[in-house]
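Chains as they are written, first to last, in the working numbering: chain A, 1 to 338; chain B, 339 to 734; chain C, 735 to 1114; chain D, 1115 to 1381. Every residue, glycine too, gets a C-beta built ideally from N, C-alpha and C.
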Amino acid sequence: MKNTIVTIALGGAMALMAGTASAQTLEAIQAKGYVQCGVTAGVPGFSAPDADNNWSGIEVDYCRALGAAIFDDADAVRFTPLTSTERFAALSSGEIDVLSRTTTWTMSRDTGLGINFAGTLFYDGQGFMVRKSDGIASAFDLSGAAVCIESGTTTELNAADFFSANGMDYNPIVFIDQDEVVKAYEDGRCDVYTTDSSALAAERTRLGNPDDHVILAEIISKEPLGPSVRQGDDVWLNIARWTLFAILNAEELGVTQANVDEMLGSNDPAIKRLLGVEGDFGAAMGLSKDWAYNIIKALGNYSEMYERHVGPDTAIGLARGVNALWTDGGIQYAPPIR
Amino acid sequence: MADIEARQKSPPKTSFWNDPKIRGLFYQFVVMGALAAFAIFIALNTAANLARQGKTTGFEFFFSTAGFDIFFTLIPYSRASFYWEAFLVGLLNTLLVSAIGIVIATFLGFFLGIARLSPNWIVARIATVYVEIIRNIPLLLQLFFWYFAVLKTLPGVRQSLEFAGGTILNQRGLYLARPLPDDNFTFVIWAFLIAIVAWLVVKAWAKRRLESTGKRFPVAWTFLVLVVFLPAITWLTTGANVAFEYPELSGFNFVGGIELPPEFVALLLGLSLYTAAFIGETVRAGILAVDHGQTEAAQSLGFRDGDRLRLVVIPQAMRVIVPPLTSQYLNLTKNSSLAAAIGYPELVSVFLGTTLNQTGRAIEVVFITMLVYLTLSLVTSVFMNWYNARVALVER
Amino acid sequence: MSTTNATKEISFVREEMLPEMPAPSSVVGPVAWIRSSLFSSPGNSILTIASALLLLWIMPPLYNFLIGNAVFIAEDGAACRVEGAGACWAFIWSRMDFFIYGFFPAEEQWRVNIAFALGLVLIVPLMWPELPFKVVNALAFFVGYPIIVFILLSGGMFGLTEVPTVNWGGLTVTLIIGLVGIVTSLPLGIVLALGRQSKMPVIKSVCVMFIELWRAVPLITVLFMASVMLPLFVPVGVSVDKLLRALVGVSLFSAAYMAEVVRGGLQALPRGQYEAAGALGLNYWKSMSFIILPQALKHVIPGIVNSFIALFKDTSLVSIVGIFDLLNTVQASNSDLNWASEQQAVTGYIFAAAVFWVFCFSMSRYSIYMEHRLHTGHKR
Amino acid sequence: MATDTITADDDLAVERTKLTVSETDVAVEIVDMHKWFGDFNVLRDINLKVMRGERIVIAGPSGSGKSTLIRCVNRLEEHQRGKVIVDGVELTSDLKRIDVVRREVGMVFQHFNLFPHLTILENCTLAPIWVRGLPKVEAEKVAMHYLERVKIPEQANKYPGQLSGGQQQRVAIARSLCMNPKIMLFDEPTSALDPEMIKEVLEVMVGLAEDGMTMLVVTHEMGFARQVANRVMFMDEGQIIEQNEPEEFFSNPKHERTKHFLSQILH
């Protein structure tokens, strides 16, 4: 008798807790009323809980942009913090709708894991952080160093490639959890901490005394970080992709959170198309025609997101660099809305 | 009348449904069917999920290049090695830390178990407090403590603590001098081996002598004389020499000597201290399980305390101690998998962590890992059954 | 008789009974105690002195660190960064909400508090052997309570705001995993134990295989399996909540251990009980549920509680698969820059250890208490 | 007084005389002995002189201290006041003296306390080999002799768990005899046994008594007391209440408590 009750209770719990994600991801999202977004448990500037335990960061803003595009509500998003080990399983199982978790776009991932990358939110590359007191000038002086790395990442493979290609020895100290990697470096277990240089900058701000640490100039890999979705649902892929393009286009066209209402009256046909004043580009994706307007109204354009979370004025302090628009000498380039 | 006779001759047929055999078969059939259905359900789901993710299955990944490095290996390994070599590295690291941990935990555990039964109040109390604290705190937490909290308080490489004999302790681990014996040293080793053999011969002879003449021979002293003095004399006469390679600061770290990384030391420490508390309880229970009457009987026969323990109490206590002790050993081996959290590259960390992530072969990797632990457990239980059969007390 | 002569000599009758005499100081009193328990032999004296020195060496610095020089009240880590400061309790205090509730929204935390209070109200009478209504109480705790807690915490009905499980954390999650593990593993363990005792070869071998497989592998592989393989096992498009996956892993794992404990109880029961039940004409399920199991389970209450202790300690492993249990919240807070100091991590770990210890130690005391009760019950 | 008729004894006789410290005829002498368990005064003012070859049966209600009394004789229990002198050696906390006394005093327990991990023969030879330093062959010869005497030589290679209670108790007696004790203590040797087994054990004990062994027996077997005892002692509340020759003791008990006790166990 007791058994039966427990079984029923469990079954009920399971039915409640297990959301169904049909191939029609958008329909499912509209039905449940929010986007489920997989993020890192804590990389400042990208996604991390802030002082009030709200998620914030540029990758979080991207997820909020999806919420804004679909529901006109940037808060219609829920976040699932994931370890690097679980992230792909979480996406392919439908536990999350979109993975926006400092994930490098690589061929094997794009082709072998049943996922599609929607684009590049942030062009990154792997770098090294060392203690100033060690007096290291270059990554090529790192022979014999103990290096702290997060396990199961491209970082781990890149480091192996780099040291082997340059005939150097090193001690890879590998942890499953990002927090533990940083902690071990900070505690002095390693001479070097290596990961994407953006994350290095972010983590540096979290160290006890950031000025005691320097990030070396060498970048040893290409790490285009971008959101990804499950394969096999092109509508959802389009939404994910064009949400990213919309914020890039907005920056290019000079549409900001502050002036977006003004811009509704702009004469520029490109702006009119972006904001849904002219034509209905949302319809093909199952969205309203002011989908992009809603994004910009709620969160601003790419530049605003960047400056808010990782830009020079933040603790992380990353210059735009290659992430500047193509018009400003960078490589961020969005196809036109037309 | 005829009816009754007929009934007496052939018992009334039980109805089909009430035949316990048929019922049994029916139940088993239902269970088997349900299980098969469940297995098929899972297999189909898995196949569908894999197909949707465009994943293939199979073990051929074992023979592709791993591409990552491991810093603590017992066999040659580099990023160009294959995944099966990475697997082997992890497995050997698991076995290494388990083997050493078992030895330390056994000694400490027996010490604790005996100390808890000590008539000395303060000794018994210290042992009790130790056991009650250690076994009521999760092992993972203890590992974090030994690794992160203690590591933080250790000095950096350049401020290393230096101890006698070239032992160095810093945040990068514990460095010991590596002995480099010269050629003549082989004589000393031979002398040592000969001494051991000689001691075994003396021991056997002493036993025979005790049995035939009733005279006892100081076997323990003989051991000391043979095993210490024989090699020592050989050492002096042959002029054998052992040089030591001391760890020296070079670049970032100390180079040379024997290097024990903090991950290894913390894991070993955590596992041994934790398991020792449980072994202590096992030993205590084993000793208490020997009826006090046995001690009294031995005393009344005039046995001295040493003989009483050796001949009467310990042989009986060991029967009670060995089976749970073996499962503690198995637990220690299984618990070594927590190393994944503190970065010691053992099986789970290398295989279930890195390899799974890099290859995405969840099913294969989990299957193989479980198979390894299952094998270890089966081997242990085979040993335990053998031991139990060997020492079982004969009862009526 | 040759002893006639001696008869008079040996014949003796006591005229008056001697009163009881007070024990000499060599038997009772502090001096006797010190002599017999500290200095009974030269070896013991040496041990006593060595132990005393050890305590003198450990205790004062420990006291200074934990209490003497500890920082109890502070706004931020500055007070803890002072040279020679002890444990930074102020840090623990400032993060206490996080340690207890995780990311649970502050304005909804009253729901967690109600769940705690209700649990306390149900569990105290359950553990008190003299109180009546054990069956009702047990049903309420093992069946009703988990359902109420689930509704209360996850919300989404009865006008409660929905709080997704990723926001659950801290001690709340630790206790939830412990509770669910206990509630599911016990019945599952009983079924498995009965199956293992079964005479039907198929059922028996299925149960044996299940039990031995789970007992052979470390929990962490089970949790990894639950986190990477379980999503593959469910139909396409169905996703299983992360916390639920960990719960499934923990429950199956502890059920296997529970099964072995229950089996011990079943085997310890004299054959006669089974025969008597059969002789009364009870069928299998009736004799199990009215005769055998009540006795067998009562015998193994200490063993069951010990499994609960192991289970409760094991909940900390979910932090490895990224669930914010108590240990993980402490681990995460240890890198809180506001409170950065040398002692931050140590303080955090000591706090977490103390919480776990209090739970586990009181469970183990309870188990000893029950063992004692059961044993005295057996003696005439 | 019956002399030793056992051949195997001859080898041991030498050692035995060596260990004999005093030449008096007193085997055990207890003077003004008191004992406490914590605050509880278990034995009060015990005075007892056991002559060589004497057989004393100690009776009394449970908790009267009779077992404790005989356990003081081989120092399984320590007394706090008074003197216990066994075979001329006074028992103190001196370990050497305790060793000497224990070798001379055999003891048979209520629950046999055979070593379950050893065979019957090994049970009997272990102490002679390790304590007396007897060669194994000799020890086995002695052991077989006594096993024959207690009528179970055929069980020599079995384990205690395979024997009945009565057989185990007989082995326990044989095990003590193998040490060639001068004094035998019996602590309720038959109270854990079935009636027919009691008989076989008592027969062995009677045989021992006939051979002149000095015996201190705690028992409720009053038939045995009548048959073999030189003296019967009645204890209560940790003191000796009455002692007398068995015939007198049973037919004419003097003390009220003795009368009451006898009326309860004899009817």
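If only complete runs of 3 or more residues are kept, the stretch 799-862 of chain C shows no beta strand (DSSP E) anywhere. In the DSSP assignment, residue 171 of chain A falls within the beta strand (DSSP E) that extends over 170-175. The C-beta separation of residue 811 of chain C from residue 1074 of chain C comes to about 5 Å, placing the pair in contact by the 8 Å criterion.
Contact between residue 1037 of chain C and residue 1064 of chain C does not hold, since their C-beta atoms are separated by about 30 Å, which reaches or exceeds 8 Å.
DSSP places residue 474 of chain B in the coil class of the three-state scheme, outside both helix and strand.
The beta-carbon distance between residue 707 of chain B and residue 955 of chain C, rounded to whole angstroms, is 5 Å. This is short enough to meet the 8 Å contact definition. Per DSSP, reduced to three states, the secondary structure at residue 640 of chain B is coil, with no helix or strand assignment. DSSP places residue 1259 of chain D within a helical segment (H, G or I) once states are collapsed to three.
For residue 901 of chain C, the closest Cβ of chain B is not nearer than 9 Å. Residue 124 of chain A sits in a strand when the DSSP states are folded into three classes.
Close partners of residue 556 of chain B in chain D (Cβ separation under 7 Å) are lacking, with about 14 Å as the shortest Cβ gap. By the CB criterion at 9 Å, residue 300 of chain A and residue 247 of chain A fall inside the cutoff. For the stretch 374-386 of chain B, residues whose beta-carbon sits nearer than 8 Å to a beta-carbon of chain C comprise 380, 383, 384 and 386.
Closest option to residue 1185 of chain D, judged by alpha-carbon separation, among D:1175, D:1224 and D:1305: D:1224. Checking the DSSP bridge columns, you'll see residue 902 of chain C partnered with C:836. The count of Cβ pairs closer than 8 Å, one atom from the stretch 1083-1101 of chain C and one from the stretch 458-478 of chain B, reaches three, so the stretches are in contact. Of all alpha-carbon atoms in C:841, C:842 and C:878, the one lying nearest the alpha-carbon of residue 857 of chain C is that of C:878. For residue 178 of chain A, the three-state secondary structure derived from DSSP is helix. In chain order, 172 and 174 make up the part of chain A whose C-beta sits under 9 Å from the C-beta of residue 408 of chain B.
Close to residue 782 of chain C, with beta-carbon spacing below 7 Å, are these residues of chain B in chain order: 458 and 460. Fewer than three beta-carbon pairs drawn from the stretch 42-56 of chain A and the stretch 230-241 of chain A are found closer than 8 Å, and the two stretches are therefore not classed as touching. Shown here for residue 74 of chain A: same chain residues with a beta carbon closer than 7 Å to its own, the five before and five after excluded, namely 64, 67, 68, 298 and 299 in chain order. Annotated as distal: residue 777 of chain C and residue 803 of chain C, with beta-carbon spacing of 9 Å or more. The beta carbon of residue 1204 of chain D sits closer than 8 Å to the beta carbons of 1197, 1198 and 1211 from its chain, once the five residues preceding and following it are set aside; these are given in chain order. By the Cβ rule, the stretch 652-672 of chain B does not count as touching the stretch 483-494 of chain B, because fewer than three pairs are nearer than 8 Å.
If the five residues before and after residue 494 of chain B are omitted, its C-beta is found closer than 8 Å to the C-beta atoms of 508 and 509, all from its own chain and listed in chain order. For residue 1241 of chain D, the chain B residues whose C-beta falls within less than 7 Å of its own C-beta are 639, 640 and 641, listed in chain order. In this structure, residue 58 of chain A lies near residue 306 of chain A, with their beta-carbon atoms less than 9 Å apart. Contact check for residue 987 of chain C against residue 1019 of chain C fails: the beta carbons are separated by 9 Å or more. Nearest to residue 249 of chain A by alpha-carbon distance, out of A:336, A:199 and A:278, is A:336.
The straight-line gap separating the alpha-carbon atoms of residue 546 of chain B and residue 628 of chain B is approximately 29 Å. Residue 499 of chain B sits in a strand when the DSSP states are folded into three classes. Note: residue 1220 of chain D is bridge-paired with D:1298 in the DSSP secondary-structure output. Residue 635 of chain B places its beta carbon less than 9 Å from that of residue 1227 of chain D. Around residue 26 of chain A, the same chain offers 235, 236 and 286 as residues with beta carbons nearer than 6 Å, after the five sequence neighbours per side are excluded. Listed in chain order, the positions of the stretch 984-995 of chain C with a beta carbon within less than 9 Å of a beta carbon of chain B would be empty, since no residue qualifies.
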